[in-house]
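Notes follow the structure.
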Amino acid sequence: MSEEEVRLAAGDVELTITPGNGCRVASLRVGDDELLRQGERYGSFPMVPWCGRTAGGTFLNGATRHRLPVDAPPHAIHGTGRGTAWRTVRAEKAEAAFTYDLADPWPYPGRVTQEFELTDDSLTMRMGVETYGDSFPAQAGWHPWFQRVIGGSAVEIAFTPEWQEERGDDHLPTGRRIEPRPGPWDDCFGMPDGVDVTLTWPERLELKVTSRTPWVVVYDEQEAAVCVEPQSGPPNGLNTAPRLVTPIDPLEIASTWTWRRPATGGEGRTGGA
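Mapping of the sequence shown onto the UniProt record's numbering: residues 1 to 273, in sequence order.
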């Protein structure tokens with residue numbers, strides 16, 4: 001199996017994963033429609049072992065302060081997994097699994113596993129982070145770039161968060177929860193019953209992003225694409241809401257995208273937060 005591309009198929013749906021380019025989903029085709037923005041930096045990539053921005057590129061584990069590469073000055077962004085070559089563990093017709101070992105610049109040894117399961121109307125992704133020794137704070141999630149326009153139809157985003165994390169001038173949550181505001185967004189929202197966001201390209205396709213995690217970042221400030229990012233904690237969560245990975249308690253997260261087409265699914269939801 002080539003490490004350059006792993007392709008899964010179910011019915012007329014095809015998924016392409018590039019393990020050597022951060023184990024991202026490079027393409028998701030549903031019939032004739034490509035759902036993801038194309039390009040080396042786009043598709044849908046894993047955010048691990050942290051999500052979004054980490055303030056100043058530093059975090060604490062107990063009394064020990066660690067430094068991360070500042071790749072979105074003055075912050076570190078989106079983890080190391082997206083810039084790492086992953087190893088293909090299993091690749092079957094509609095399922096695949098990949099791993100990579102945490103290493104410098106991440107200061108703790110461990111392993112990340114990512115699994116994909118494709119059907120003709122859904123994609124389920126699972127990610128796990130385990131430690132080889134000391135406990136450490138970590139986060140995991142996904143950053144898809146969905147096409148804003150598919151087949152001439154512009155996307156509409158519908159979701160009902162319980163709160164919005166107030167965003168400071170430094171692009172980080174201030175720690176204050178506010179009433180959800182209309183877009184455009186580059187913001188983190190709380191959905192305590194689990195992430196449930198619907199993207200509708202009217203008369204073309206409806207896609208629902210779900211996850212049991214209560215955190216989602218929605219970004220729609222770009223002309224070409226919109227992002228709906230389920231993640232295990234808020235931006236800067238290594239500092240503000242640390243979730244420890246321990247030898248007996250790995251971090252695990254899953255998300256499912258489910259789609260339907262007008263010929264088989266009926267009307268889609270519209271609206272906004």
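Think of the CB as a built atom: it goes at the ideal place given N, C-alpha and C, for glycine as much as any other residue.
Residue i to residue j span [Cα, whole Å]
i	j	result
Pro69	Arg261	42 Å
Arg7	Arg243	33 Å
Pro202	Glu156	8 Å
Val13	Asp196	22 Å
Ile17	Ala91	10 Å
Val112	Glu206	31 Å
Phe136	Gly128	14 Å
Ala55	His75	5 Å
Val209	Asp134	33 Å
Thr58	Ala241	14 Å
Closer than 6 Å: residue i CB and nearest the ligand FAD heavy atom
i	result
Leu199	The ligand FAD is not part of this structure, which contains no ligands at all.
Coarse secondary structure for residue i, derived from DSSP in three states
i	result
Pro46	strand
Arg90	strand
Asn21	helix
Thr80	coil
Ser2	For Ser2, the predicted structure reports a pLDDT of 41, less than 50, and the residue's modelled location is therefore unreliable. A value from the coordinates is still provided. Coil at Ser2, not helix or strand.
Thr240	helix
Pro214	coil
Pro144	strand
Gly56	helix
Pro262	helix
Ile171	Before going further, note that residue 171 is His rather than Ile in the sequence given. Three-state DSSP puts His171 in coil, outside helix and strand.
Met191	coil
Ala224	coil
Arg181	coil
Phe159	coil
Glu115	strand
Arg41	coil
Leu251	strand
Val70	coil
Asp196	strand
Pro137	strand
Asp120	coil
Neighbourhood of residue i by C-beta, 6 Å cutoff - its chain only, sequence neighbours within 5 removed
i	result
Glu221	Pro184, Asp186
Arg212	Gly194
Trp50	Gly79, Gln139, Leu238
Tyr100	Thr84, Trp86, Val112
Tyr42	Trp145
Sequence-distant residues of its chain with Cβ nearer than 7 Å to residue i (five each side left out)
i	result
Asp121	Thr258, Trp259, Arg260
Ala72	Arg53
Glu4	Thr18, Gly20
Best match in the options for proximity to residue i [C-alpha to C-alpha]
i	options	result
Phe45	Asn236, Leu205, Ala55, Ser27	Ser27
Gly190	Val218, Ile77, Val89, Trp50	Val218
Asp170	Ile178, Asp134, Pro235	Pro235
Gln147	Asp12, Met125, Val228	Val228
Leu36	Arg177, Gly175, Val245, His143	His143
Trp215	Gly237, Val226, Thr200	Gly237
Arg204	Ala241, Asn21, Asp32, Gly20	Asp32
Gly110	Ala254, Gly57, Pro247, Thr256	Pro247
Leu199	Ser232, Met47, Phe159, Ala97	Phe159
Thr131	Ala9, Ala10, Thr256, Leu251	Leu251
Ala96	Gly81, Thr124, Tyr108, Ile77	Thr124
Chain B within 7 Å of residue i, Cβ atoms only
i	result
Leu123	Of the protein chains in this structure there is only one, and it is not chain B.
Paired residues, beta bridge with residue i - DSSP
i	result
Glu203	Its beta-bridge partners do not exist; DSSP assigns none.
Ser153	Ile150
Tyr219	Asp186, Cys227
Gln164	Ile178, Phe189
Gly128	Thr113, Glu252
Asp101	Arg111
Beta-carbon contacts of residue i that lie in its chain and below 8 Å, excluding the five residues immediately before and after
i	result
residue 275	Lying before the first or after the last residue shown, residue 275 is absent from the chain, which here runs from 1 to 273.
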